[in-house]
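Heads up: the protein sequence lines correspond to chains A and B, in order. Just so we're aligned: the first sequence equals residues 1 to 357 in the numbering used here. Just so we're aligned: the second sequence equals residues 1001 to 1289 in the numbering used here. Backbone N, C-alpha and C fix where the C-beta goes; we use that ideal spot for every residue, glycine too.
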Amino acid sequence: MFNFLPELKVRENPSSIMNFSVPVVAVFLTIVTGSLIFAMMGFDPIFALHTFFISPISNTYGISELLVKATPLALIAVGLSFCFKNNLYNIGAEGQLTMGAVIGGGIGIYFHDTQGFWVLPLMICGGAIGGALWGMIPAFLKIKFNTNEILTSLMLVYIALLILDYLVVGPWKDPNGFSFPKTRKFGDSGRMPLLFSGLRVHFGIIITLIGIFASWFIFSKTMLGYQLKVTGFSPVASRYAGFSQDKLVYIAFIIAGAFAGIAGLGEVSGPIGLLYRDISPNYGFTAIIVAFLGRLHPIGIIFASLIIALTYLGAEDAQLFMQIPAAVGFVFQGLVLFYLLGAELLVNYKIVLRKRV
Amino acid sequence: MNLDIVIGIIQIILIATTPLVFAGIGELVTEKTGVLNLGVEGMMLVGAVTAFVTLVITGSYFLAFLVSILSGALMSGLFAYLVLILMSNQVATGLALTIFGIGLSSMIGKQYIGTPIKGFNPYFFVVLSFVIVFLVHYFFYKTKLGLIFRAVGESHHSSHALGYSVIKIRLLGILFGGSMCGLAGSYMSICYAPMWQENMIAGRGWIALALVVFATWKPRRILVGAYIFGGVSILQMNLQAWGVNFPGQFFNMAPYLATMIVLVIISSNRLRIRLSAPASLTIPFFKGR
Chain A
1 MFNFLPELKV RENPSSIMNF SVPVVAVFLT IVTGSLIFAM MGFDPIFALH
51 TFFISPISNT YGISELLVKA TPLALIAVGL SFCFKNNLYN IGAEGQLTMG
101 AVIGGGIGIY FHDTQGFWVL PLMICGGAIG GALWGMIPAF LKIKFNTNEI
151 LTSLMLVYIA LLILDYLVVG PWKDPNGFSF PKTRKFGDSG RMPLLFSGLR
201 VHFGIIITLI GIFASWFIFS KTMLGYQLKV TGFSPVASRY AGFSQDKLVY
251 IAFIIAGAFA GIAGLGEVSG PIGLLYRDIS PNYGFTAIIV AFLGRLHPIG
301 IIFASLIIAL TYLGAEDAQL FMQIPAAVGF VFQGLVLFYL LGAELLVNYK
351 IVLRKRV
Chain B
1001 MNLDIVIGII QIILIATTPL VFAGIGELVT EKTGVLNLGV EGMMLVGAVT
1051 AFVTLVITGS YFLAFLVSIL SGALMSGLFA YLVLILMSNQ VATGLALTIF
1101 GIGLSSMIGK QYIGTPIKGF NPYFFVVLSF VIVFLVHYFF YKTKLGLIFR
1151 AVGESHHSSH ALGYSVIKIR LLGILFGGSM CGLAGSYMSI CYAPMWQENM
1201 IAGRGWIALA LVVFATWKPR RILVGAYIFG GVSILQMNLQ AWGVNFPGQF
1251 FNMAPYLATM IVLVIISSNR LRIRLSAPAS LTIPFFKGR
C-alpha cells in the first residue's frame, strides 16, 4: 500500500540547505509540470518552454520589459518581508499599491502643466504616504481592536480599488478624454526618467534597488531589524526583552505599505503616465509569491522577482505565438507557490522512513 | 412605484444573491473546522468553466452541475493536501489556489467564450441555497458530528486527545467548501450569466469570504448578510437607472466596510471573539506537538 501520510519529526533547527534548495526545486517542478500541461494541450514542450521562458528575454527590449515587471514586484515583496518575518499576514499590498498610485498620481495630475525637478520627488513621497497610511489601517485595527489583519488588509484592497474607480470615472476624469475612464496625463516632470532611450525600463528600478539595500541594512545592521527578527522567531522572547510589540506592528505595516505605495506610483508615473482602472496586473498579490519564493531575503527576492516577472512576459508571448490565454501565467504562478509551500515542509520537518511490518 | 417593479427587484435580488449564499456557506463550514481557504474565487471560476464546458459537450444540466461540484472539490482537495498533510501556510496556499484557478479556468474556457447555451432555471437553486443553509445549521447545532466539527475548529489538540481525527474532519470541511464554491460557480455560468467569460466571478469569491466574517461564523446569518450585500448592489444599479446621482462605487464598498466594522465589534471584546470565530482558525495541526 502507498503511504500518503509520511511520518514527520520536527527538526531542532530549520535546515539551511533545504531553505536554500526549496525555491530551486519549486521552480524546477513548475517547469516540469508546465511542459506536461503544454504537451497535453498538443504543443511540442520544447517549443512551448522556449516560447514561454527563453524567447521573451532573448533581446534587449525583452530584458528591459523583464526589469519593468520585476521593479514593482521586488519592491513590494521586500516591503512585505517586514510583515511576514514578524508573522503579520499583510495580504493587502494591492490596496496599498493602489492608494500610493492615487495619492502620488493625484499630485501628478494637479501639477500636470507645471515644470520642475521637484514634481516627481513630491509624487514619490505622496505614493509612500498613501501606501503607508493604507497599510496603517490594519495595524491600527489590530492593535486597538485585536482584529485579524488578514481579513482587514484584504477588505481594504477592494475598498482602495473602488476609490480609484470612483476617481477615474468621476472627479478626476480627463476633461478631453471622450468619457473614457481615465485621468489626464501627468506632465513630463511627473514621469519616471527612462534609463535608456527606446526601452521602457525606468528610474523606478533604482528606487527598488535602494529599497532592497535599505531593508538589508535595517535587518542586518540595526536594532530595529533585530527586534523584528526576534519577534518573528519568538513573540514571547520579544515581549520578555521589552520590545514594544505595538510599535513593531506599526513599523512593519508602514514600511510594507510605503514600499507598495511607491511601487504603485512607479507604475503610474513610469510605463503608464496617468491613472485608470487597471493600473496593476495583480502585482500586490503576486508579490506575496515573490516574497515567499525569495525566502523573505533581499537577494532571494531579487531572483524571485525576475522569475515571476518572466511568467508575465512568457504568458504574453504564449498568447501571441501559441494562442493560449495570457492567464496561463497565473497557472505557473499558482504552481510555483504550491510546490514551494509544499516543499517547505522539508525545512522544518524530517521525514522518517518506517519499515512496514 | 408599482407592484411589478417591486416584484421584479425582489426577483433580481434573489437571483443575484444565491451564488454568494452557496460560496459563503461552503467557506463557513471550512472555517468552522479551523481552516481558512482564500481560494474561493479560484474554485468558483473553475466550477463555472467546468460546468459550462460539460454542458456544451454533453447537453446535460445534471452532469454539468455534478462536474462543477466535483471540480470544486478537487481544487479544494489540492488545498487540503497542502495545508493538512504538508502543513503549508493556509493564507499563502489559499491565495495560490485563487491565482491558479484564475489561470486554469481561462485556459479551459478559451474556446468556449461566446458559445451560446440555454440558461437553467435559477429558482431551483434559490430554494436549494436556503435548504442547504438550514441543513448546515441543523448539522452544526443539532447533531453529534456537527459538534465534533465545531470542536475541531475550536481546539484541535483537545479533539485529537478525545480520539477524533482532526485531519479527516478538516478534510471534509474543506471538501464541502470546495463543492459549494464549484456549485456557486456553475450557477454563475449556467443560470445567472448564462455564458462563459474570463474572470466572470468578478470578485464574488472575496465577498463570500467577507460574508463569513460578517455572519460571525453563524450559518443562518449567511442568508441575512448575503441578502444585505446582494440587495445593496442591486439597489445601487437601480438608483442609477432612476437617475439618482450617487457614485455606485460607494455602495459597492458597503460589504467590505460592513465586514470590517463587524470584525472590529466582535474582536474588541475577548469573550465576543471567542463566541464568534473558531479559535483554531489558520493554525495548522501537527500531532507531534
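Check	Outcome
Nonlocal neighbours in the same chain, by C-beta distance under 6 Å from M1/A, ignoring five residues either side	Low confidence applies to M1/A: its pLDDT is 42, below 50, so where it sits in the model is not reliable enough to give any reading.
Among I262/A, I57/A and T222/A, the one whose alpha carbon lies nearest that of A101/A	I262/A
Boundaries of the beta strand (DSSP E) in which L1162/B is found, first to last residue	That residue, L1162/B, is in no beta strand (DSSP E); it is neither H nor E in DSSP.
L199/A (DSSP reduced to helix, strand or coil)	coil
Reduced DSSP secondary structure (H/G/I, E/B, other) of I1201/B	coil
Within 7 Å, strictly: CB atoms of V1049/B and G1101/B	no
Closer than 9 Å at the beta carbon, the chain A residues around I953/B	Shown here, chain B extends from 1001 to 1289; a query on residue 953/B therefore has no answer.
Where R1289/B falls, given that 16 or more other Cβ within 10 Å makes a residue buried	Summary for R1289/B: the model assigns pLDDT 49, below 50, so the residue's position carries little reliability; its value from the coordinates is reported in the next sentence. It is exposed - the Cβ of R1289/B has fewer than 16 other Cβ atoms within 10 Å.
Contact between the region 1031 to 1040 of chain B and the region 1165 to 1176 of chain B (3+ Cβ pairs under 8 Å)	yes
Buried or exposed by the 16-neighbour rule on C-beta atoms within 10 Å, applied to N86/A	buried
Strand pairing of V352/A, partner residues [DSSP]	E7/A
CB contact below 7 Å: M155/A versus chain B	yes
Candidates G1059/B, L1066/B and A1184/B, of which the one nearest L1045/B by Cα	A1184/B
Exposure of W1206/B, with buried meaning 16 or more beta-carbon neighbours within 10 Å	buried
Contacting positions in the region 1191 to 1209 of chain B - beta carbon closer than 9 Å to chain A	E1198, N1199, G1203, W1206, I1207 and L1209
Contact under 7 Å by Cβ, S64/A with R200/A	yes
Cutoff 7 Å; reference I150/A; Cβ partners in own chain excluding five residues on either side	Y89 and I91
Close Cβ partners of L1020/B (< 7 Å) along its chain, the five nearest in sequence each way excluded	R1204, I1207, A1208, L1211, A1226, F1229 and G1230
The alpha helix (DSSP H) enclosing K247/A, as first and last residue numbers	Q245 to E267
Closest by C-alpha distance to A70/A, when choosing among L340/A, K350/A, M223/A and I212/A	I212/A
The region 1003 to 1018 of chain B contacting the region 37 to 44 of chain A, beta-carbon criterion three pairs below 8 Å	no
Contacts of F325/A in chain B (Cβ-Cβ under 9 Å)	The amino acid occupying residue 325/A in the given sequence is Pro; Phe does not appear at that position. Simply G1103, S1106, M1107, G1109, K1110 and E1198.
For Y226/A, three-class secondary structure by DSSP	helix
Given I1015/B as reference, the closest of P1247/B, F1120/B and L1063/B once Cα atoms are compared	F1120/B
Listed by chain order, chain B residues near L310/A by CB distance under 9 Å	Here the premise fails: no neighbours, minimum Cβ distance about 15 Å.
Which listed residue (I1013/B, L1063/B and A1151/B) has its alpha carbon closest to that of R1274/B	A1151/B
Contact between the region 101 to 117 of chain A and the region 210 to 230 of chain A (3+ Cβ pairs under 8 Å)	no
Among S244/A, I205/A, P325/A and I207/A, the one whose alpha carbon lies nearest that of M223/A	S244/A
Any C-beta of chain A under 7 Å from that of A1064/B	no
CB-CB length for T51/A against F321/A, believed under 8 Å	5 Å
CA-to-CA distance, G104/A to F19/A, given in whole angstroms	Correcting the residue type first, residue 19/A is Asn in the shown sequence and not Phe. For N19/A and G104/A, the distance between alpha carbons rounds to 38 Å.
Chain-ordered residues of the region 1237 to 1263 of chain B with a beta carbon less than 8 Å from chain A	P1247, Q1249, F1250, N1252, M1253, Y1256, L1257, T1259, M1260 and L1263
Integer Cβ distance of L275/A from T183/A, believed to fall under 8 Å	4 Å
Buried versus exposed, by CB contacts within 10 Å (16 or more), Y1141/B	exposed
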